[in-house]
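Trainee:
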Amino acid sequence: MHIHVLGAGAGGGFPQWNCNCQNCDGLRKGTIKAKRRTQSSICVSSNGIDWVLFNASPDVLQQIQEFPPLQPGRAIRDSGIQAIILIDAQIDHTTGLFMLREGQVKREIYCTQAVYGDLTSGNQILNILGHYCGVNHHEIPIDASDISHTHSFEIPNVPNLRFTAVALKSAAPPYSPHRNDPHPGDTIGVLIEEITTGKKCWYSPGLAEIEPHLPPLMHQADCIMVDGTFWTNTEMLDMGLMTKTARSIGHNPQSGPGGMIEELDKFGTDKAVRKVLIHINNTNPILREDSAERAILSDHKIEVAYDGMDIIL
Numbered sequence: 066m067h068i069h070v071l072g073a074g075a076g077g078g079f080p081q082w083n084c085n086c087q088n089c090d091g092l093r094k095g096t097i098k099a100k101r102r103t104q105s106s107i108c109v110s111s112n113g114i115d116w117v118l119f120n121a122s123p124d125v126l127q128q129i130q131e132f133p134p135l136q137p138g139r140a141i142r143d144s145g146i147q148a149i150i151l152i153d154a155q156i157d158h159t160t161g162l163f164m165l166r167e168g169q170v171k172r173e174i175y176c177t178q179a180v181y182g183d184l185t186s187g188n189q190i191l192n193i194l195g196h197y198c199g200v201n202h203h204e205i206p207i208d209a210s211d212i213s214h215t216h217s218f219e220i221p222n223v224p225n226l227r228f229t230a231v232a233l234k235s236a237a238p239p240y241s242p243h244r245n246d247p248h249p250g251d252t253i254g255v256l257i258e259e260i261t262t263g264k265k266c267w268y269s270p271g272l273a274e275i276e277p278h279l280p281p282l283m284h285q286a287d288c289i290m291v292d293g294t295f296w297t298n299t300e301m302l303d304m305g306l307m308t309k310t311a312r313s314i315g316h317n318p319q320s321g322p323g324g325m326i327e328e329l330d331k332f333g334t335d336k337a338v339r340k341v342l343i344h345i346n347n348t349n350p351i352l353r354e355d356s357a358e359r360a361i362l363s364d365h366k367i368e369v370a371y372d373g374m375d376i377i378l
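This is the structure we're talking about:
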């Protein structure tokens with residue numbers, strides 16, 4: 066199974082267009098050791114030909130151009146992308162759908178009913194896309210009465226891959242009609258399995274906490290790719306950039322009690338597991354490759370995703 070990181074940044078990317086924090090200013094001036102990152106997305110394939118795109122970031126055209134397998138050039142209009150799985154309805158994970166409007170082939174969109182509702186009401190991007198290429202919506206079912214219930218599915222024209230989705234604790238986007246009334250399926254995590262080898266990757270770029278129903282899935286994974294947005298719970302508060310904590314907006318920070326480092330240390334005790342942080346906010350000190358925070362991650366054998374990163378399982 067080939068997992069390619071198209072973008073590793075959180076909303077706004079790195080550097081963020083209007084930000085002059087130490088990271089963004091330092092990257093522009095060349096005074097820090099760090100890499101630019103576009104907004105988070107991955108693609109996955111078992112045969113290197115047929116790919117599933119996870120989320121469509123605003124940077125999707127650049128990301129496709131920088132990864133040639135997504136444009137195999139077999140016909141005058143062509144793409145290696147066979148389907149798109151939407152983890153949530155957030156702006157940084159869906160705006161790129163507008164950029165994929167060209168052509169006569171309907172886009173195969175896999176998402177929960179909660180996400181589909183948001184993308185046809187509060188933000189009508191799927192309705193608009195329907196006027197161009199068209200959309201085939203495939204519902205990822207989430208049991209409203211039991212969020213721990215998992216649902217596995219396969220995607221036609223994407224051989225040898227199976228996907229198991231589970232609801233995560235989260236809030237819908239600010240534009241959502243049910244912003245203050247969370248629904249199961251507002252955000253999901255997905256266990257991606259290559260059927261013939263049994264290799265698995267857990268993917269959850271938005272993860273508020275390791276809920277009790279998640280470890281049984283995560284322990285199966287050979288690669289755990291999770292939310293790396295913030296280093297501390299009060300990161301944005303401390304910089305005067307936001308009035309909310311990391312956890313209150315659905316992101317478990319890396320440091321501190323119950324943080325992602327502490328949680329990830331529980332996995333890989335019985336087998337080799339790659340642990341990778343993705344969806345990294347521009348303010349996070351782990352973006353600086355020579356930072357003390359990055360060294361702490363290395364001590365815990367936790368990697369930091371970057372654009373162009375390839376993981377082969």
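When you read off a place in the sequence shown, starting at 1, and then add 65, the result is the number in our numbering.
Glycine is no exception: its CB is placed at the ideal position from the N, C-alpha and C atoms.
(1) Is the CB-CB distance between Glu106 and Gly77 below 7 Å?
(2) Arg244 by DSSP, collapsed to three states: which one?
(3) Could you tell me if Lys309 is buried or exposed, where buried requires 16 or more neighbouring beta carbons within 10 angstroms of its beta carbon?
(4) Can you have a look at Ile149 and say buried or exposed, based on whether 16 or more other CB atoms are within 10 angstroms of its CB?
(5) Using a Cβ-Cβ cutoff of less than 7 Å, which residues in the same chain neighbour Lys366 once the five nearest sequence positions on both sides are dropped?
(6) What does a CB cutoff of less than 6 Å around Gly168 pick up in its chain, not counting 5 residues either side in sequence?
(7) Hey, Gly271 and Asp90: beta-carbon distance below 7 Å or not?
(8) Check the C-beta distance from Ile275 over to Glu328 and give it rounded, since I have them as a contact under 8 Å.
(9) Note down, in chain order, each residue of its chain lying with its Cβ closer than 7 Å to the Cβ of Ser186, except the 5 sequence neighbours on either side.
(10) Check the DSSP bridge columns for His69 and list the partner residues they point to.
(11) If we ignore side chains and look at the alpha-carbon of each, how far apart do Ser144 and Gln130 end up?
(12) Distance check for Met325 and Thr177, CA to CA, integer angstroms please.
(13) Who are the Cβ neighbours of Thr299 in its own chain at under 8 Å, not counting the five residues just before and after it?
(14) Residues bridged to Asn201 by DSSP?
Mentor: By the coordinates alone:
(1) With the sequence shown as reference, residue 106 is identified as Ser, and Glu is not the correct amino acid for it. Contact flag unset, no.
(2) Residue state for Arg244 is assigned as coil, using DSSP reduced to three classes.
(3) Lys309 is classed as exposed because its beta carbon has fewer than 16 other beta carbons within 10 Å across all chains shown.
(4) By the neighbour-count rule (16 or more Cβ atoms within 10 Å), Ile149 is buried.
(5) Taken in chain order, the residues that qualify are Lys340.
(6) Excluding residues within five positions, the ones whose Cβ falls inside 6 Å are Arg142 and Cys198.
(7) Going by C-beta atoms, Gly271 is not nearer than 7 Å to Asp90.
(8) Contact between Ile275 and Glu328 holds, with the beta-carbon distance rounding to 5 Å and staying under 8 Å.
(9) Only Pro242 meet the Cβ criterion.
(10) Secondary-structure assignment with DSSP links His69 through a beta bridge to Cys108 and Asp375.
(11) The alpha-carbon separation between Ser144 and Gln130 amounts to approximately 11 Å.
(12) Their Cα atoms are separated by approximately 26 Å.
(13) The answer, listed in chain order, is Thr310 and Ala311.
(14) In the DSSP secondary-structure assignment, Asn201 is bridged to Glu173.
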